[in-house]
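Going by my numbering, the first residue of the sequence shown is number 1248, and it counts up by one from there. Every residue gets a Cβ at the ideal spot worked out from N, C-alpha and C, and that includes glycine. All values derive from a computational prediction rather than experimental measurement.
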Amino acid sequence: MPVITFANTKGGAGKTTAVLLLSTELARKGYRVTVLDADPQHWISHWHEISGTVPNLNVIDFVTTTSLPQHIAENKHNTDYFIVDLPGIRSPVLASAIGLSDHVLIPVQGCAMDARGGAHVLEMLQYLEEKAKIVIPHSVVLTRVNSMVTTRALLIVKGLLAQRNVPVLDTAIIERSAFRDIFDCGGTLHTMDPTRVSNLDKARENALCFAEEIMRKVPVRLPMPMVNQGRSLLSAA
Ligand SMILES: Nc1ncnc2c1ncn2[C@@H]1O[C@H](COP(=O)(O)OP(=O)(O)OP(=O)(O)O)[C@@H](O)[C@H]1O
Ligand SMILES: [Mg+2]
């Protein structure tokens, strides 16, 4: 059960939005997802409260540096993916979450030139590698990217990341009203009404591509149903 952490010490980079998109898409695919909410604004917990039951998805609120490893240990048998949402400031929970992660995703706004919060997380990962020889796989995910034009700001951000050899996901998260509205309506992109939300089909496609790229990067094997296990044992004999 891999742990995926979204980290950027700059507020508003798109962490919680990306957490919501990834967790709902993975849950929709049948994975059991536990979201660990360490964001002091509790947006994901609030969304979960107004959404009612979302199959395969559980959210744990008020996660702290000390409770984080405990939640992972207690839920590892009922979880395929843990997803951690962190505060948009420098805080002690950042270091503990990074240390427990199988992959760190760093959302960086493609529409803003300020990538300093992302750079801080990258420096922490580099420090861990150089000083403690702990290598934690990580990638930047570009967020709030304009669907129509490639802006100058986006090219600058991409150029800076390439210069530093930072891995960047192929799928960027596009600026979409559906990704904002979902926090007010609750539910998922698939329970939203396409007649009321513009470009909902494109938003769904974007979220799916994003989740599938992460599933390829951080794979987990679903337990095989008993009948298939029996068949594969027989065919192996
Ligand atoms: N792809 C997107 N399309 C449209 N709106 C977005 C998108 N990503 C983020 N937003 C909006 O930008 C704002 C900040 O996003 P979000 O809360 O996801 O960032 P955050 O990194 O979690 O912030 P914080 O550091 O404060 O926790 C929110 O109002 C959110 O609705
Ligand atoms: Mg947040």
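Selection from the options that minimises the alpha carbon distance to residue i
i	options	result
ASP1349	LEU1416, PHE1253, ASP1448	PHE1253
ALA1342	TYR1374, ALA1260, ALA1425	TYR1374
ASN1325	TYR1278, VAL1444, THR1438, ARG1423	TYR1278
ILE1345	ILE1297, SER1298, VAL1382, VAL1404	VAL1382
ARG1468	THR1442, LYS1276, SER1292	LYS1276
ALA1419	ILE1297, ALA1450, GLU1377	ALA1450
ALA1362	GLU1452, ILE1403, VAL1351, GLU1296	ILE1403
VAL1396	ILE1421, LYS1380, ARG1443	ILE1421
SER1270	ALA1320, ASP1327, GLU1321	ASP1327
LEU1408	LYS1380, GLU1370, GLU1376, PRO1441	GLU1370
Beta-carbon proximity list for residue i, same chain, < 6 Å, skipping 5 on both sides
i	result
GLU1459	none
VAL1250	PHE1329, LEU1347, SER1348, ASP1349
PRO1466	none
MET1488	Limits of the chain in this structure are 1248 at one end and 1484 at the other, which puts residue 1488 out of reach.
GLY1258	GLY1335
GLN1365	Per the sequence shown, the amino acid found at residue 1365 is Gly instead of Gln. For GLY1365, where only same-chain residues beyond five positions count, the Cβ hits under 6 Å are ASN1255, ILE1353, VAL1355.
LYS1323	MET1248
CYS1456	THR1418
Cut-off 8 Å between Cβ atoms - residues of its own chain near residue i, not counting five sequence neighbours on either side
i	result
ARG1337	THR1256, HIS1367
MET1439	ALA1425, ASP1428, ILE1429, CYS1432, LEU1447
GLN1476	Note that GLN1476 scores 47 on pLDDT, short of 50, meaning its location in the model is unreliable; the coordinates nonetheless yield the value given after this. Nothing listed; no residue qualifies.
VAL1340	ALA1285, VAL1310, THR1311, THR1312, LEU1315, LEU1333, PRO1334
VAL1444	SER1424, ALA1425, ASP1428, ALA1450
ASN1393	GLY1357, CYS1358, LEU1401, ILE1421, GLU1422
LYS1378	none
Residue i (DSSP reduced to helix, strand or coil)
i	result
TYR1328	strand
PRO1249	coil
PRO1316	helix
HIS1295	helix
LEU1188	The shown model of the chain, from 1248 to 1484, leaves out residue 1188, and the question about it has no answer.
HIS1289	coil
LEU1389	strand
PRO1354	strand
ILE1461	helix
THR1281	strand
ILE1307	strand
VAL1415	strand
LEU1480	Unreliable placement is indicated for LEU1480, whose pLDDT of 42 sits below 50; the coordinate value is still reported in the next sentence. Residue state, collapsed to three classes: helix.
ILE1336	coil
ILE1429	helix
ILE1516	Nothing can be reported for residue 1516: it is not among the residues displayed for the chain, which extend from 1248 to 1484.
ALA1362	coil
Residues of its chain near residue i, where Cβ-Cβ distance is below 7 Å and the 5 sequence neighbours each way are ignored
i	result
ALA1274	VAL1280, VAL1301, PRO1302, ASN1303, LEU1304
SER1292	ASP1284, VAL1306, ASP1308
ALA1454	LEU1268, GLU1272, LEU1436
GLY1434	SER1298
GLY1261	PRO1354, GLN1356, THR1390, ARG1391, ILE1420
HIS1318	LEU1283, ILE1307, VAL1310
GLU1497	This structure leaves residue 1497 out entirely; the chain is present only between 1248 and 1484.
heavy atom of ligand 3 below 7 Å from residue i C-beta
i	result
ASN1325	With respect to small molecules bound, the structure shown includes ligand 1 and ligand 2 and not ligand 3.
| request: Take every Cβ of the region 1272-1289, pair it with every Cβ of the region 1322-1335, and state whether three or more of those distances are shorter than 8 Å. | output: yes
| Is the region 1312-1320 touching the region 1261-1271, taking contact as three or more C-beta pairs under 8 Å? | no
| query | Counting Cβ pairs closer than 8 Å, one from the region 1386-1400 and one from the region 1410-1421, do we hit at least three? | reply | yes
| query | Hey, which residues come within less than 7 Å of ligand 2, measuring from Cβ to any heavy atom, in chain order? | reply | LYS1262, THR1263, ASP1286, GLN1288, TRP1290, ASP1332, GLY1335
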